[in-house]
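Participant: Take a look at the following structure, please.
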Amino acid sequence: MLTLECPYCGVKAEETELQAGGEAHLKRFGPGSSDDEFEGYLFLRKNPKGVHFERWRHAYGCGKWFLAARCTATLEVFGTYSAQTKEPPADLQAKIKAKRPDWEGYK
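Just add 5 to the spot in the sequence shown (first one is 1) and you have this note's numbering.
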């Protein structure tokens, strides 16, 4: 079972207490964008086997959204961090790179 630690309240919650919110760090397109940009925002998502950054909500706890880095193949969780972060923290990226030397990095 997937267990994530909420960075706000510090509770280690099982996935049944959480709500998945999809891929993290998406560039949002709205009014004034091209049809291709808007289509990409709505429908095109990465689906990697390996390291992935996701949005989660602590639904049965503090209710706040946060971001998590995990491996989609093994469910290994590398860490969680604030949803207001524009990209994964440098220390988290270094931790992932240390465990997965072949990881190409964020982006």
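Here a beta-carbon is modelled for each residue, glycine too, at the ideal position from N, C-alpha and C.
Please name the residue in K54, L49, A74, F48 whose C-alpha comes closest to that of R60.
Facilitator: With distances taken between Cα atoms, R60 lies closest to A74.
Participant: So, using beta-carbon positions, are H30 and F58 closer together than 8 Å?
Facilitator: yes
Participant: Determine, using beta carbons only, whether K54 and A78 come nearer to each other than 8 Å.
Facilitator: Their beta carbons are under 8 Å apart, which means K54 touches A78 by this criterion.
Participant: So, under 8 Å CB-CB, E92 and Y111 are touching, yes? Tell me the CB distance rounded to an integer number of Å.
Facilitator: 6 Å
Participant: With a threshold of 16 other CB atoms inside 10 Å of the CB of T85, please say whether the residue is buried or exposed.
Facilitator: buried
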